[in-house]
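Let me begin by presenting the structure, written as structure tokens, before commenting on it.
In this note's numbering, the protein residues as written are 853 to 996.
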């Protein structure tokens with residue numbers, strides 16, 4: 853369950869980041885304010901995903917936290933940088949309270965892919981045979 857939470861929060865951070873970039877393309881004060889709020893939500897979700905990753909890797913069986921790679925490596929660099937620059941840029945236009953408004957709701961996207969119906973094949977009869985007989989005959993057959 854910890855893995856699912858970790859990946860869910862990671863995905864949420866990415867969604868807020870890209871949503872913030874899209875909102876920032878608008879030319880109204882409201883869209884810029886919502887963009888900053890979305891980027892701050894992305895930053896908070898990213899911090900939460902780090903904590904969830906550490907909790908997952910600390911659970912049994914314990915493992916080291918792997919280094920970031922792929923999309924999350926890219927976002928780990930972009931989210932804090934983009935958030936701080938947008939807050940700094942918009943600090944002149946908005947009060948601190950207005951910048952700290954709650955994050956805008958993420959839009960609902962229709963799923964583009966529909967899963968195909970799939971039937972698992974029947975279990976092969978060889979899975980029900982006694983494997984100890986066949987493995988012992990291989991061992992005794994190779995002796996000199």
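Glycine included, C-beta positions come from ideal geometry on N, C-alpha and C.
Do the CB positions of residue 862 and residue 901 come within less than 8 Å of each other? In this structure, residue 862 sits near residue 901, with a CB-CB distance shorter than 8 Å.
Taking Cβ positions, are residue 865 and residue 898 nearer each other than 8 Å? Yes, these two residues count as a Cβ contact at 8 Å.
Could you give the DSSP three-state label for residue 855: helix, strand or coil? Three-state result, residue 855: helix.
When you compare the CB positions of residue 872 and residue 891, do they come within less than 8 Å of one another, or not? In terms of Cβ geometry, residue 872 and residue 891 form a close pair [threshold 8 Å].
Local conformation of residue 971 per DSSP, three classes: When secondary structure is reduced to three states using DSSP, residue 971 falls in the coil class, being assigned neither helix nor strand.
Where does residue 958 sit, in a helix, a strand or coil, going by DSSP? Note: residue 958 maps to coil in three-state DSSP.
Once DSSP output is grouped into helix, strand and coil, what is the label at residue 901? If DSSP states are grouped into helix, strand and coil, residue 901 belongs with the helices.
Assuming residue 941 contacts residue 895 under a Cβ cut-off of 8 Å, what Cβ separation, rounded to an integer in Å, is found between them? Not quite, the Cβ-Cβ distance comes to about 15 Å (not below 8 Å), so this is no contact.
Where the alpha helix (DSSP H) containing residue 927 begins and where it ends: Run containing residue 927: 922-942, per the alpha helix (DSSP H) assignment.
Classification of residue 979 by the beta-carbon crowding that lies within 10 angstroms, buried from 16 upward: Taking all protein chains shown into account, residue 979 has fewer than 16 neighbouring C-beta atoms within 10 Å of its C-beta and is therefore exposed.
Distance, residue 972 Cα to residue 933 Cα: The straight-line gap separating the alpha-carbon atoms of residue 933 and residue 972 is approximately 47 Å.
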